[in-house]
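The block underneath contains the structure these notes are about, expressed in structure tokens.
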Amino acid sequence: MQNNSNISDGNTYHRSFFLDEKLFEYILGHTSQPDETQKSLIETTSRLGRVSAMQVAQDQGVFLYMIVAAIRPEFAVEIGTFTGYSSLAIAKALPPNGKLLCCDVSEEWTSVASDYWKKAGVAEKIDLVIAPAKETLANLPDDKKIDFAFIDADKGGYKEYYEQIVPRLSDHGLIAIDNVLWSGRVVDPKISDEDTVSIRNFNDHVYQDDRVSSVMLSVGDGLTLVKRTN
Ligand SMILES: C[S@@+](CC[C@H](N)C(=O)[O-])C[C@H]1O[C@@H](n2cnc3c(N)ncnc32)[C@H](O)[C@@H]1O
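Residue 17 is where the sequence shown starts when you use our numbering, and the numbers rise one by one after that.
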């Protein structure tokens with residue numbers, strides 16, 4: 017999710033809060049462009065109004081596509097699907113035997129995602145479960161390994177999702193966590209709302225976790241990548 021959304025040529029796009037418009041346009045101008053299905057999904061989502069800001073940014077979608085294409089996960093999980101932009105990016109990069117489990121609580125928003133999975137020809141690769149993500153993760157078979165996870169749902173749940181996923185992460189697996197900069201609020205001592213505090217605590221938790229290596233990237237609203245080291 018990004019803070020600044022702009023309308024350009026009928027497409028809504030999202031600018032990282034720390035980039036000025038010119039620089040962001042330059043970055044988008046030198047990044048692979050969304051295909052027709054993705055452009056249509058951006059437009060459809062923008063018609064939902066303010067909630068459309070929850071969609072990952074275009075450059076972040078390409079970034080997800082790249083890392084998933086490199087990892088070639090057999091089993092990927094997305095926590096927080098909304099209208100499907102990030103899941104489309106992930107599903108398009110899966111190898112032929114790859115599957116994506118999408119977790120969300122909204123029938124309404126994910127019905128848009130389901131339509132676009134069909135349009136993009138990736139519906140067969142995706143299982144959607146409508147339930148709180150902690151239940152969906154808890155219901156996975158004990159021996160089910162996760163090769164890639166994208167966490168982008170309720171911020172108060174991040175630590176629990178992370179703790180559920182880390183023990184299941186395969187040797188080559190990665191977790192990507194969105195919104196870790198929370199539009200810069202993480203470094204503003206005057207801000208102490210619940211979501212900001214949750215993200216700060218979550219970021220500290222990951223940094224102090226000696227099971228993993230992590231890197232916080234200034235992509236979109238901040239994206240942390242996590243890999244198990246033991
Ligand atoms: C920021 S949006 C996800 C955006 C999406 N990744 C994209 O690129 O369009 C967050 C989503 O998390 C979902 N969500 C909120 N609480 C949840 C929970 N407890 N379990 C699963 N999903 C949840 C919301 O319904 C919403 O669709």
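Positions of the beta carbon are idealized from the N, C-alpha and C atoms, including for glycine.
Three-state secondary structure assigned by DSSP to residue i
i, result
"residue 221", "helix"
"residue 167", "strand"
"residue 136", "helix"
"residue 125", "helix"
"residue 107", "helix"
"residue 189", "strand"
"residue 207", "coil"
"residue 52", "helix"
"residue 25", "With a pLDDT of only 36 at residue 25, under 50, the local geometry of the prediction cannot be trusted, and the value read off the model is given with reservation. Coil at residue 25, not helix or strand."
"residue 145", "strand"
"residue 57", "helix"
"residue 73", "coil"
"residue 1", "Residue 1 cannot be examined here, being either before or after the span of the chain that is shown, 17 to 246."
"residue 79", "helix"
"residue 156", "coil"
"residue 234", "coil"
"residue 94", "strand"
"residue 197", "coil"
"residue 184", "helix"
Pick from the options that is closest to residue i, judged by C-alpha positions
i, options, result
"residue 34", "103, 241, 233", "233"
"residue 104", "217, 228, 140", "140"
"residue 41", "210, 53, 74, 51", "74"
"residue 196", "214, 51, 86", "214"
"residue 55", "204, 194, 78, 110", "78"
"residue 192", "152, 137, 87, 202", "87"
"residue 221", "134, 154, 179, 70", "179"
"residue 224", "242, 209, 235", "242"
"residue 107", "124, 81, 96, 125", "81"
Beta-carbon separation (whole angstroms), residue i vs residue j, contact threshold 8 Å
i, j, result
"residue 132", "residue 172", "Between residue 172 and residue 132 the Cβ distance is about 28 Å, and since that is not below 8 Å, they are no contact."
"residue 228", "residue 216", "Actually they are not in contact, since the Cβ atoms of residue 228 and residue 216 sit about 18 Å apart, beyond 8 Å."
"residue 84", "residue 109", "4 Å"
"residue 72", "residue 32", "Residue 72 to residue 32, Cβ: 11 Å. No contact."
Proximity test, Cβ basis, 8 Å: residue i and chain D
i, result
"residue 219", "In the displayed structure, chain D is absent; only one protein chain is listed."
Do the segment 161 to 174 and the segment 86 to 104 make contact, defined as three or more Cβ pairs closer than 8 Å? The count of Cβ pairs closer than 8 Å, one atom from the segment 161 to 174 and one from the segment 86 to 104, reaches three, so the stretches are in contact.
Is the segment 106 to 120 touching the segment 147 to 161, taking contact as three or more C-beta pairs under 8 Å? yes
Is it the case that the segment 104 to 116 contacts the segment 172 to 189, given that we only count it when at least three CB pairs across the two stretches are under 8 Å? no
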